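Input: a single structure, listed below in structure tokens.
In this note's numbering, the protein residues as written are 731 to 1120.
Structural data, given as structure tokens:
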């Protein structure tokens, strides 16, 4: 590794201060710190408060995403062949390679466009390349339909980076989760490519009789659910959906990684599940519509709820920061996710809008939590003074 270290040091010389290519230093420094631990630690920022540098934190999230990504690649091929061959599946590698052929270009486009914009802004402003897009670049294709045209994905990525991050000052300054902004932009800009019964199965539009409708979409339209869409298939992930959101099992593996490393907040995850479960139970008791009657346990394993709670709601920049605030934040995300599902038949998947709404309210939640703590301490101080004077 010393050979690589020496080569990188040689490459950096023309980019050093006072040299010919000084303004391009952020680009070469990004390569250095991606391959090696930086020779400095984070000293300020809303989302890193110890000696761990931001790039290593982002790499941890990427590692946590790998199980859901690998399963999503397989499921993209599985959903294609199960429809095309009327239930007869080819060998495992054929299924996986078909999914890889569909998903890999999405990842490449996402990173190419997003990192291209990040590098351009770093050179223009003369600061280091922001690390946050290492995660967003993988999250964005994982929350999209597998057959979304690549040019639509590119425009959605550009919107998320330019409007969602750079307009607010870059990584650590954004109000909203960038990956969810990309999905929201695509949903409202290209609705026919983000909803319906054809978009969740690759090549479905070219095959007669193929239907890739999601469970929540079918319920919103008052349809009966096929027997294979039971709780366990939904938990494992062999159902139509966005690339990375279908397998709750794979997502739970990622959640364990995030919690064990201290990168993701278990308070947000647990309170989000509790909020959704209690809300769904309430609707089960009422039971006026198909979505109200949909068992509360099934609500937790279908759609993007699990993926959103684990990887989106826990975003350390846009989430609540206080301990009590995280619990309130998570509970409300769970509550609004089910509320939107039940009361909005045009958009039965609610976690995206719920998280974006709570991103807006997170600072307000923290404000009241902090001020509540200050008020408690003032009361204790006043009581202490009264006891002393007595």
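Glycine included, C-beta positions come from ideal geometry on N, C-alpha and C. Computed from a predicted structure; not experimentally measured.
Query                                                                                                                                                                                             : Result
Identify, in the order they occur along the chain, each residue of the same chain with its Cβ nearer than 6 Å to the Cβ of residue 1009, setting aside the five sequence neighbours on each side. : 1065 and 1068
Taking 7 Å as the cut-off, decide whether the C-beta atoms of residue 1042 and residue 907 are in contact.                                                                                        : yes
When burial is assigned at 16 or more other CB atoms within 10 Å of the CB, is residue 972 buried or exposed?                                                                                     : buried
Should the region 1033-1040 be regarded as contacting the region 989-1008, the criterion being three or more beta carbon pairs within less than 8 Å?                                              : yes
By a C-beta neighbour count over all protein chains shown, 10 Å radius and 16 as the cutoff for buried, is residue 1114 buried or exposed?                                                        : exposed
Determine the burial state of residue 1167: buried for a count of at least 16 other Cβ atoms within 10 Å of its Cβ, exposed for fewer.                                                            : For residue 1167 there is no data in the structure shown, the boundaries of the chain being 731 and 1120.
Can you give the Cα-Cα distance for residue 867 and residue 912, rounded to whole angstroms?                                                                                                      : 10 Å
Return the CA-CA distance between residue 789 and residue 1013, expressed in angstroms with no decimal places.                                                                                    : 39 Å
In chain order, what residues of the same chain have a beta carbon less than 8 Å from the beta carbon of residue 806, not counting five sequence neighbours either side?                          : 828, 829, 832, 833, 876, 932 and 973
Counting along the chain, where does the alpha helix (DSSP H) carrying residue 1059 start and finish?                                                                                             : 1053-1073
Would residue 975 pass as a contact of residue 1034 if the rule is Cβ separation under 7 Å?                                                                                                       : yes
Under a Cβ-count criterion, where at least 16 other Cβ atoms within 10 Å of its own Cβ denotes burial, should residue 787 be classed as buried or exposed?                                        : buried
Can you tell me whether residue 699 is buried or exposed? The criterion is at least 16 other CB atoms within 10 Å of its CB, across all chains shown.                                             : The displayed coordinates of the chain run from 731 to 1120. Any statement about residue 699 would go beyond what the structure contains.
Cβ of residue 904 within 7 Å of Cβ of residue 1003?                                                                                                                                               : no
Would you kindly check if the distance between the Cβ of residue 1063 and the Cβ of residue 1084 is under 7 Å?                                                                                    : yes
By Cβ distance below 6 Å, which residues in the same chain neighbour residue 872 in space, the five residues on each side in sequence not counted?                                                : 973 and 974
What's the call for residue 1072, buried or exposed, on a 16-neighbour Cβ count within 10 Å?                                                                                                      : buried
Could you give the first and the last residue of the continuous alpha helix (DSSP H) run that contains residue 898?                                                                               : Neither: residue 898 is in no alpha helix (DSSP H) and is coded neither H nor E.
Over what stretch of residues does the alpha helix (DSSP H) that includes residue 908 continue unbroken?                                                                                          : 908-919
Would residue 781 be called buried (16 or more neighbouring beta carbons within 10 Å of its own) or exposed?                                                                                      : Residue placement at residue 781 cannot be trusted, given a pLDDT of 46 that sits under 50; the coordinates are not used to answer.
Let's see if you can read the secondary structure: which residues bound the alpha helix (DSSP H) around residue 1103?                                                                             : 1081-1119
So the candidates are 810, 890 and 798; which of them puts its Cα closest to the Cα of residue 843?                                                                                               : 890
For residue 1005, is the classification buried or exposed, using 16 other Cβ atoms within 10 angstroms of its Cβ as the cut-off for buried?                                                       : buried
Taking C-beta to C-beta, are residue 1031 and residue 1100 nearer than 7 Å?                                                                                                                       : no
Can you tell me the Cα-Cα spacing of residue 1077 and residue 995, whole angstroms?                                                                                                               : 28 Å
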